[in-house]
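Some notes on the structure that comes next.
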RNA sequence: GGCGGCAUAGCCAAGUGGCUAAGGCAGAGGACUGCAAAUCCUUCAUCCUCGGUUCAACUCCGAGUGCCGCCUCCA
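In the working numbering, the protein residues as written are 148 to 630.
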């Protein structure tokens, strides 16, 4: 079965056919490293991480390039503010980027190129554009002449002639067209800069992605991705630059993930309503964060609220508990092949896999795919209710199948599944732990004496303090309730 | 003003021209329990409005209403 994807450029659902069979080259816009990454960056990273993993799962060799824009106005401003070197700022946030993304179980891209390490390529690229008549020099700066590229606006579906009035664009009198954009920017005194055939300066935003994608993936590659907000102007300009230079199609498919809202408001720094990844990781498991992101279709807007993610935390818990149960039923039987697995269970597992893949093949519908996991585990819960000869092998098989997909989406791993208390975010220090155990002992004694009134009193009182008791076959357990 | 998107149960969220409209949370009932909790089982919608196309639409088209995004830096 082939994969269908929604391509922003054609605005249609299309069959995904890579340029070279079983090989996929993709470029995803990373971040401008002037600050910590937030939930929006996490969403883009998670979405494309899953897309990449699924393409690999389907037997493709994937080359994935994720760039760092490590020189630009915001970085320079931040450097001025802190009175440090611009590259120190970008280095700091690149390091932080990897800390955050590793924590979120993002598989590393093939290469993470940096703009500052490709200045030569960028300059050559700009020279080629000037030679071909697509760019012009003004006061040592270079601009791309939008009107020379006939297809300008094809990605964002804009008609720039009608928009020429451009009420909200501050018109720079030096430009031939208000929409012309900067390829090379002259440095002000003291700013980080590189030598060039024009003024000393730095690349404009957009050009680094054209130069680096071409360098690593060639003139034409399969997938170009990024957030919806990059369609205009960033990706529009990338197309203009690259196609003007090469005369070839830039990227075959354009994929864009939807944005994140917080409490139904756009997440933005000016509103102050953004969550950094590290702040979220303090309260939630990375698996829960991924589950939250993946439980919406990647192109839809997604609204973040604490209540919602807590709800999903519970839901994910029931999935992991199911998997834990399977693991326990398997009781050490290695997940061998299909042999010795009860036929009805095998059929059910096959049906699940087919459904899961059907969703994923349809524009990476992770929400539907996850839904199929839940639908299916309920069926398995019933199938495994009684005892039957093939139980252990069957459970091992089912566990293996679920684990394959849980790992594909990275919404759980074995440690997470087998953990005692799936609920996290509240650690109990040694003394509190001991005291709770004393209270449990007291209550057990009371229960032994059938003094249920006092036993319940103990339970209710410590529950009020946030400690919830559960009587199980293995004795009384407790967990801490999140406040 | 220009362009684009969305509107499915109390909430969140998939989906399809015609089979029972996934799944989660909450709610209800049941099993289990000394009682709980946890767990398991069962149950809970006709798809914003009005037209049109069609043998058949929630799904396609048009209009309307309501949200939202982009058009300036942004994943």
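Every residue gets a Cβ at the ideal spot worked out from N, C-alpha and C, and that includes glycine.
Opening and closing residue of the beta strand (DSSP E) in which residue i lies
i	result
residue 124	The structure shown does not extend to residue 124, since the chain is modelled only from 148 through 630, so no value can be given for it.
residue 177	170–179
residue 215	208–216
residue 152	151–154
Extent of the continuous alpha helix (DSSP H) to which residue i belongs
i	result
residue 272	266–278
residue 458	453–477
residue 186	186–204
residue 282	Counting along the chain, residue 282 falls outside any alpha helix (DSSP H), though it belongs to the beta strand (DSSP E) covering 282–285.
residue 447	Residue 447 -> no alpha helix (DSSP H), and no H or E assigned at all.
residue 362	354–364
Beta-ladder partner(s) of residue i, from DSSP
i	result
residue 401	371
residue 329	290
residue 349	332
residue 241	DSSP lists no partner for residue 241.
Proximity test, residue i beta-carbon vs the ligand FAD heavy atom, cut-off 7 Å
i	result
residue 263	The ligand FAD is absent from the structure shown, which contains no ligand whatsoever.
Three-state secondary structure assigned by DSSP to residue i
i	result
residue 259	coil
residue 520	helix
residue 430	helix
residue 617	strand
residue 622	strand
residue 164	coil
residue 599	helix
residue 408	strand
residue 605	helix
residue 584	helix
residue 532	coil
residue 544	helix
residue 423	strand
residue 221	helix
residue 436	helix
residue 253	coil
residue 612	coil
residue 342	coil
residue 632	Beyond the ends of the chain as shown, which are 148 and 630, falls residue 632; an answer cannot be given.
residue 645	The requested residue 645 does not occur in the structure, where the chain is confined to residues 148 to 630.
residue 627	strand
residue 322	coil
residue 494	helix
residue 304	coil
residue 396	coil
residue 299	coil
residue 443	coil
residue 556	helix
residue 385	helix
residue 481	coil
residue 526	helix
residue 562	helix
residue 577	helix
residue 486	coil
residue 246	helix
residue 235	helix
residue 312	Its pLDDT being 46, under 50, residue 312 is placed unreliably by the model, and the measurement read from it follows with that caveat. If DSSP states are grouped into helix, strand and coil, residue 312 belongs with coil.
Test item: CB-CB of residue i and residue j under 8 Å
i	j	result
residue 198	residue 251	no
residue 514	residue 442	yes
residue 517	residue 189	no
residue 240	residue 183	yes
residue 162	residue 401	no
residue 290	residue 282	yes
residue 330	residue 375	no
residue 216	residue 179	yes
residue 236	residue 181	yes
residue 345	residue 287	yes
residue 234	residue 339	yes
residue 293	residue 268	no
residue 550	residue 201	no
residue 452	residue 410	yes
Notebook entry, point to check: Between the stretch 527–544 and the stretch 467–483, are three or more C-beta pairs nearer than 8 Å?
Noted result: yes
Note to self: Count Cβ pairs between the stretch 447–462 and the stretch 540–551 that sit closer than 8 Å; are there 3 or more?
What the structure shows: no
Inset, instruction - Could you tell me whether the stretch 207–221 touches the stretch 461–468, using the rule of 3 or more Cβ pairs below 8 Å? - result: no
Do the stretch 171–187 and the stretch 365–384 touch if we need at least three Cβ pairs shorter than 8 Å?
yes
Quick one: any contact between the stretch 260–267 and the stretch 348–361, if contact means 3 or more CB pairs under 8 Å? yes
Report yes or no: do the stretch 485–498 and the stretch 442–453 share at least 3 C-beta pairs separated by less than 8 Å? no
Indicate whether the contact test is met: 3 or more Cβ pairs, each with one atom in the stretch 418–436 and one in the stretch 379–390, closer than 8 Å.
no
Inter-stretch contact at 8 Å, needing at least 3 Cβ pairs: the stretch 584–602 / the stretch 232–247: no
Exercise. Report yes or no: do the stretch 615–628 and the stretch 585–594 share at least 3 C-beta pairs separated by less than 8 Å?
Key: yes
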